[in-house]
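K.L.:
The listed protein sequences derive, respectively, from chains A and B.
Residue numbering for the first sequence follows our numbering, starting at 1 and increasing by one per position.
Residue numbering for the second sequence follows our numbering, starting at 1001 and increasing by one per position.
Have a look at the structure that comes next, please.
Protein chains: 2
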Amino acid sequence: MTTPWQQRYAQRMKWMGSSIIRELLKLTERPDIISFAGGLPAAETFPVAEFKTATQEVLTQHGSKALQYSTTEGYPPLREYIVQRMARYGITAAPENVLITSGSQQALDVIGKVLINPGDQILTEQPTYVGALQAWKAYQAEFVTVPVDEYGLCTSQLEEAVCCGPKFMYILPNFQNPAGVTLTLPRRQKLLALADQYGIPIIEDDPYGQLRYEGEHLPPLVVLDNEQLEHRAHSNGHGFMSGNVIYISTFSKILSPGLRLGWMVAPQDVISRCVMAKQGMDLHTSSFVQMVAHEVIKDGFIDGHVQFIRQLYRQRRDVMLAALEREFPPGIEWTRPAGGLFLWVTLPPEVDTTLLLEKAIVEKVAYVPGSAFDPSGGSRNTFRLNFSNARPEEIETGIRRLARVIERALSETEAPAPIVTDVQLVGTH
Amino acid sequence: MTTPWQQRYAQRMKWMGSSIIRELLKLTERPDIISFAGGLPAAETFPVAEFKTATQEVLTQHGSKALQYSTTEGYPPLREYIVQRMARYGITAAPENVLITSGSQQALDVIGKVLINPGDQILTEQPTYVGALQAWKAYQAEFVTVPVDEYGLCTSQLEEAVCCGPKFMYILPNFQNPAGVTLTLPRRQKLLALADQYGIPIIEDDPYGQLRYEGEHLPPLVVLDNEQLEHRAHSNGHGFMSGNVIYISTFSKILSPGLRLGWMVAPQDVISRCVMAKQGMDLHTSSFVQMVAHEVIKDGFIDGHVQFIRQLYRQRRDVMLAALEREFPPGIEWTRPAGGLFLWVTLPPEVDTTLLLEKAIVEKVAYVPGSAFDPSGGSRNTFRLNFSNARPEEIETGIRRLARVIERALSETEAPAPIVTDVQLVGTH
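Next comes the structure, spelled out in C-alpha cells:
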C-alpha cells in the first residue's frame, strides 16, 4: 500500500534491497531456537550493579550536564580515557584524534559520508563484516575483495586488487568478523607497505582486540603504520596519527552494546571533517550514556572485567570447537579463532547454506549464511557461528542439531567432490 | 599537517566547507558571554530525580535487556507510548508507523539517505533549520527556498517553486526554527493541496509543537493531510499514514536533549526502508536510553512537565520581548513567537550580522547570524535569538548589551534606507 510519491521514489531506495537472510533471521528470535546467528555478548557479563551506582553518581553530581546537549566530539574525560587505554596497546593519540561515535557502526557510516563518492571501489576482506557493506552501499560504493585464509587477508593477492585504485581498504585484523581469523605480523607489514606505496588509507576495525584467549597480542595496524612512517621520517613530529590508518573500536564487546558507544582515531584533520559529518547525523552521542560509561570505567574497571569476559568466552569457544569435532560429519572445515566471538564453517561446495538455514530453523538451530558477508555474493557453502551468547549446554545441543541438519543435506546431495574454495580455512574433521 | 591521501580526498569533503559562523560560535561558549546563540533547553527543566528513580528501576528489573543489543525499530513500549501521545494531537498511527531515532537530527539524516540523490532539489522555508541543511548537503542536495512571513511559509509563492520538481518539502509549521513563526491553518491547507496535486511529500518537523504559550493549537500537517485524503477516498482503509507527510519530533525539548531521542512517523513501507537505512547508521538507538526515558514518562509525567516548561519559557519570551521593545533602536523588526524557543530579528539591510557578531562577542553577548539558516546565503541582516536558556536577568542584560552593539553599528553606517526584505516580519519598534 504505497502512495504515488513512494512508487516514484522507490528507485533511490533500491540499494537497501530485500534480503531472504534478514527474513529468515527474524525467525531465529523465537525462544525455542538455539541461535548462533547473532553477534550478541553474553548478558551475564553486563555490569548491572556498576551501572546502577554510576547512574546515581552521574545524575547526582552532573545531572544537568548529562541531560543537556553536548559537543559533537564527545565527552572530554571519555576521550581522555580512550587515549590512556589505547596507549597500552601502543596507540599514541591525543584526545583531538578521538571522535566518540554511537557505536562503531556509526564510525563506519561517518567514514562513508566523508570519503565515499558514488561508484568508488572499497577493498574489503572476503568475507567481511556485513554492517560495513550495509553502511557503504548506501553511499553507492562498489566492492573489490581479497580472500582471507587462516592467517587473515591473503596479502599475496593484495597488490593486484590495489591496482584497481580503491578509495580505502577495510580490514578487521583481529579475530575477524565473520571468519574468526587473525592477520599475522608479516602480513600486517606487507599490507601497510602496500598502503603506503599506493597512498591508500586503511580502516582498521578492531571491536574484539582485547578479547584474545590464547597466543600473543599483535600490534594494531595503526601502530605499525606509525613506526613505518617514523622510520621514513614522514612523521609530523608529534609522533602520532599522521599516517594511513583510521582505527575504530567500541565498548560493545567489553562493556555493553546497548549503550551504542564506540570511537574512531584518526589524523586531526580527518577527525575535524568527521565531526562536521556527525553533527548532521545525530548532533552528538548521548551525553548521558557517555558520562555513565565513563563513570563505570574510569577507575580501572575494564581491566578485571575483560579478564572475566575472556575466561567465559574462551570456555564457550572450547565447548563449541569440541562439539564440532565430535558431532560434525567428515568433509567440513572450520576456523579455530584465538579470540573474538565467531568461527566460520565451510561445507562442501554443493551445499547452499541459505537454503540449509530453513531446515536448520525447523530443527531449532540457527547461524548466518556466509553469502551475507560476501560483497560478491559468493561463499554460499559457508556460515558463521557465534559462541559468546549461548551457554555451554546450549552450544552442545545446538551443534548436535546442526550436525544432524548437515548430515541430512549431505546425504541428499551427490558424494562431495574435493573441496576447493577461495577461502582456505583451518580445522578439518 | 595532512597525509597524501587526505590531500587527494579533500574534494569529497568539500560539502562540509569551512564556517566563519561556526568558529565565532565556539567563542560564545566562554562563561562570561550571555549567549542567545544555542538552542538549549533550560537545564532547570531536566527531571533529574525522576531519572534517578527510572535508571534504578530499569537496571533492577531489566538490566540485561537495557544493556544488550536491541531492534532497529526501537523499544516496543516506547513506540506504543508515542502512538498514544500523538493520538491526542489527532495523529492516528500504529507502532509500525513509528521509528525511534537518535534525536530528530537522525531522522533528517535517515530521510536524506533514503530519498536524496545527488543534485536533487529540496524545497525549504527561508530561513530554515540549519541542521537539516547540514544533513542533506552531505547527500549533495540542492535547495530551493520559499520565504516565511509572520504567518509562516508564503504559500502564495509556493506553486512557482514546486514547479521546479523538488524531491520533498521541509516544513517546520510550529514556532519555526529560526524565525519563531507559525503556519496558519489556511496556509497549511494550501500547502497540503499543492503537495497532493504535485505528488510531493512533506517532511513535517515538529520539535516544539507541545510548547505553545498562547493561542489555539493548530492541527499538524500529517493530520490535515490524512483528512484531505480521506475525503478523496485515497485512504488505505486503516485511516492512518497513507499520505504525503512524514512527521518527525523529539524528546529533546520536553524531556532531555542529552538522551538523543526522537522519532519519525511515516507510512509503513517508508518506515521499513528507513529501518534498513538506520541499521547501517548505528544499528539502533541506545536501548538503555530508550528504556530509561520510557520509565520516566510512561505514567503521564510529560503532561505536568510540559506545563512547567511552558510557564518558564513563556516568562522568558515575555522578558525578552519587553527588553527588545525597551532597548532596541528604531528601524529594527522582530517576530513575536507564540511558542518554541526562538525569535528572529531583522536589522536594516546595510548591516551584516556575521560581521556584527564579532563586535557582539567583544561586548559579551551572542546570537546566530541569519545567513546560517539561509540555503541561498541571504538573510545577512538578520539573526536568531534563543530565549529558553538564559535566566530573566541575563536576558535583560544581554539584550541591553546587544542594543548597544547595534546602535554603534547603525551610527557607523549611512542613515538606513527603507527596509525591504523577502521576509516580512512582525513586531517593529
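Don't be surprised by glycine CBs; every beta carbon is placed ideally from N, CA and C.
Source: prediction; values computed, not measured.
In angstroms, rounded to a whole number, what distance separates the CA positions of Asp1206 (chain B) and Asp352 (chain A)?
P.N.:
If you take the alpha carbons of Asp1206 (chain B) and Asp352 (chain A), they lie about 49 Å apart.
K.L.:
Within 7 Å of any Cβ in chain B, is that where the Cβ of Leu218 (chain A) sits?
P.N.:
By this cut-off, Leu218 (chain A) is not an interface position.
K.L.:
Determine the contact status of Gly1215 (chain B) and Ala1338 (chain B), defining contact as a CB-CB distance below 7 Å.
P.N.:
It is a contact, given that the beta carbons lie within the stated cut-off.
K.L.:
Return the chain-ordered list of same chain residues with a C-beta closer than 7 Å to the C-beta of Val1058 (chain B), the five sequence neighbours on each side being excluded.
P.N.:
Around Val1058 (chain B): Ala1066, Met1291, Val1292 and Glu1295.
K.L.:
My understanding is that Ile1246 (chain B) touches Val1275 (chain B), with C-beta atoms under 8 Å, so please give their C-beta distance in whole angstroms.
P.N.:
Actually they are not in contact, since the Cβ atoms of Ile1246 (chain B) and Val1275 (chain B) sit about 14 Å apart, beyond 8 Å.
K.L.:
Judging by CA-CA distance, which residue of A:Phe46, A:Asp318, A:Asn97 and A:Glu325 is the nearest neighbour of Glu73 (chain A)?
P.N.:
For the residues A:Phe46, A:Asp318, A:Asn97 and A:Glu325, the minimum Cα distance to Glu73 (chain A) belongs to A:Asn97.
K.L.:
Could you tell me if Lys1167 (chain B) is buried or exposed, where buried requires 16 or more neighbouring beta carbons within 10 angstroms of its beta carbon?
P.N.:
Its Cβ being crowded by 16 or more others within 10 Å, Lys1167 (chain B) is buried.
K.L.:
State whether the segment 195–205 of chain A contacts the segment 315–332 of chain A, with contact taken as three or more CB pairs (one from each stretch) at a distance under 8 Å.
P.N.:
Contact between the segment 195–205 of chain A and the segment 315–332 of chain A is absent, because fewer than three Cβ pairs lie under 8 Å.
K.L.:
What ranges does the beta strand (DSSP E) occupy inside the segment 1049–1133 of chain B, keeping only unbroken runs of at least 3 residues that lie completely in it?
P.N.:
You should have 1098–1101 and 1121–1126.
K.L.:
Looking only at its chain, what residues have a beta carbon closer than 7 Å to the beta carbon of Gln210 (chain A), apart from the 5 residues adjacent to it on each side?
P.N.:
Cβ neighbours of Gln210 (chain A) beyond the five flanking positions: Ile254 and Val306.
K.L.:
Rounded to whole angstroms, what's the CA-CA distance from His62 (chain A) to Ser1252 (chain B)? Just pull it up for me.
P.N.:
Answer to the nearest angstrom: the Cα atoms are 18 Å apart.
K.L.:
Which chain B residues are close to Gln134 (chain A), counting only those with a beta carbon under 7 Å from its beta carbon?
P.N.:
Chain B residues near Gln134 (chain A): Gln1279 and Gly1280.
K.L.:
Compare the Cα-Cα distances from Ala323 (chain A) to each of A:Ser35, A:Gly90 and A:Arg400 and report the closest residue.
P.N.:
Nearest C-alpha to Ala323 (chain A): A:Arg400.
K.L.:
State yes or no: is the beta carbon of Tyr1069 (chain B) nearer than 7 Å to at least one beta carbon in chain A?
P.N.:
Judged by the 7 Å Cβ criterion, Tyr1069 (chain B) is in contact with chain A.
K.L.:
Within the segment 284–364 of chain A, note down every full alpha helix (DSSP H) run reaching 4 residues or more, in order along the chain.
P.N.:
You should have 287–297, 301–327 and 353–362.
K.L.:
Determine the DSSP secondary structure at Ala138 (chain A), reduced to helix, strand or coil.
P.N.:
Reduced to three states, the DSSP call for Ala138 (chain A) is coil.
K.L.:
Report the option in A:Gln84, A:Gly131 and A:Gly119 whose CA atom is closest to the CA atom of Gln106 (chain A).
P.N.:
If we check each option's Cα against that of Gln106 (chain A), A:Gly131 comes out closest.
K.L.:
Closest Cβ-Cβ distance between Leu165 (chain A) and chain B: below 7 Å?
P.N.:
Reading off the sequence shown, one finds Gly at residue 165 (chain A), where the question assumed Leu. Not one chain B Cβ lies under 7 Å of Gly165 (chain A).
K.L.:
Between the segment 88–103 of chain A and the segment 1081–1095 of chain B, do at least 3 Cβ pairs fall closer than 8 Å?
P.N.:
Cβ pair count under 8 Å is below three, so no.
K.L.:
Along chain A, which residues have their Cβ under 9 Å away from the Cβ of Val1048 (chain B)?
P.N.:
Chain A residues near Val1048 (chain B): Leu59, Thr60, Gly63, Ser64, Ala66 and Leu67.
K.L.:
What does the alpha-carbon distance come out to for the pair Tyr1081 (chain B) and Leu1261 (chain B)?
P.N.:
C-alpha separation (whole angstroms): 13 Å.
K.L.:
How should His284 (chain A) be labelled, buried or exposed, when 16 other C-beta atoms within 10 angstroms of its C-beta is the threshold for buried?
P.N.:
Buried, because 16 or more other Cβ atoms sit within 10 Å of the Cβ of His284 (chain A).
K.L.:
Can the beta-carbon of Gln1228 (chain B) be found closer than 7 Å to that of Leu1192 (chain B)?
P.N.:
Going by C-beta atoms, Gln1228 (chain B) is nearer than 7 Å to Leu1192 (chain B).
K.L.:
Looking at the C-beta of Trp1005 (chain B), does it have a partner C-beta in chain A at a distance below 7 Å?
P.N.:
Chain A, which has a Cβ nearer than 7 Å to the Cβ of Trp1005 (chain B), makes this yes.
K.L.:
Out of A:Arg316, A:Ile248 and A:Phe308, which one is the CA nearest neighbour of Ser104 (chain A)?
P.N.:
The shortest C-alpha separation from Ser104 (chain A) is found at A:Ile248.
K.L.:
Using the Cβ count rule (16 or more neighbours within 10 Å means buried), how would you classify Lys26 (chain A)?
P.N.:
Under this definition Lys26 (chain A) is an exposed residue.
K.L.:
Measuring alpha carbon to alpha carbon, tell me which of A:Asp299, A:Leu259 and A:Gly243 ends up nearest Val265 (chain A).
P.N.:
The shortest Cα separation from Val265 (chain A) among A:Asp299, A:Leu259 and A:Gly243 belongs to A:Gly243.
K.L.:
Could you compute how far the alpha carbon of Arg1008 (chain B) sits from the alpha carbon of Met169 (chain A)?
P.N.:
Their backbone Cα atoms lie some 16 Å apart in a straight line.
K.L.:
Can you give me the C-alpha to C-alpha distance between Ile1395 (chain B) and Thr1413 (chain B), rounded to a whole angstrom?
P.N.:
For Ile1395 (chain B) and Thr1413 (chain B), the distance between alpha carbons rounds to 27 Å.
K.L.:
Should Thr101 (chain A) go down as buried or exposed, given a rule of 16 or more other Cβ atoms within 10 Å for buried?
P.N.:
So Thr101 (chain A) ends up on the buried side.
K.L.:
Could you give the residue range of the beta strand (DSSP E) that holds Asp1374 (chain B)?
P.N.:
Where Asp1374 (chain B) is concerned, there is no enclosing beta strand (DSSP E), given that its DSSP letter is neither H nor E.
K.L.:
Closer than 7 Å, CB to CB, is Val1289 (chain B) near chain A or not?
P.N.:
At least one chain A Cβ lies under 7 Å of Val1289 (chain B).
K.L.:
Between Phe1051 (chain B) and chain A, is the shortest Cβ-Cβ distance under 7 Å, so that the two count as touching?
P.N.:
Phe1051 (chain B) counts as touching chain A.
K.L.:
Could you check whether the Cβ of Pro1186 (chain B) sits closer than 7 Å to any Cβ belonging to chain A?
P.N.:
Closer than 7 Å: no.
K.L.:
Does the segment 1367–1384 of chain B come close enough to the segment 1314–1322 of chain B that 3 or more CB-CB pairs lie under 8 Å?
P.N.:
No: fewer than three Cβ pairs fall under 8 Å.
K.L.:
Report, in whole angstroms, the separation of the C-beta atoms of Tyr151 (chain A) and Leu341 (chain A), which I expect to be a contact under 8 Å.
P.N.:
About 20 Å; that fails the 8 Å criterion.
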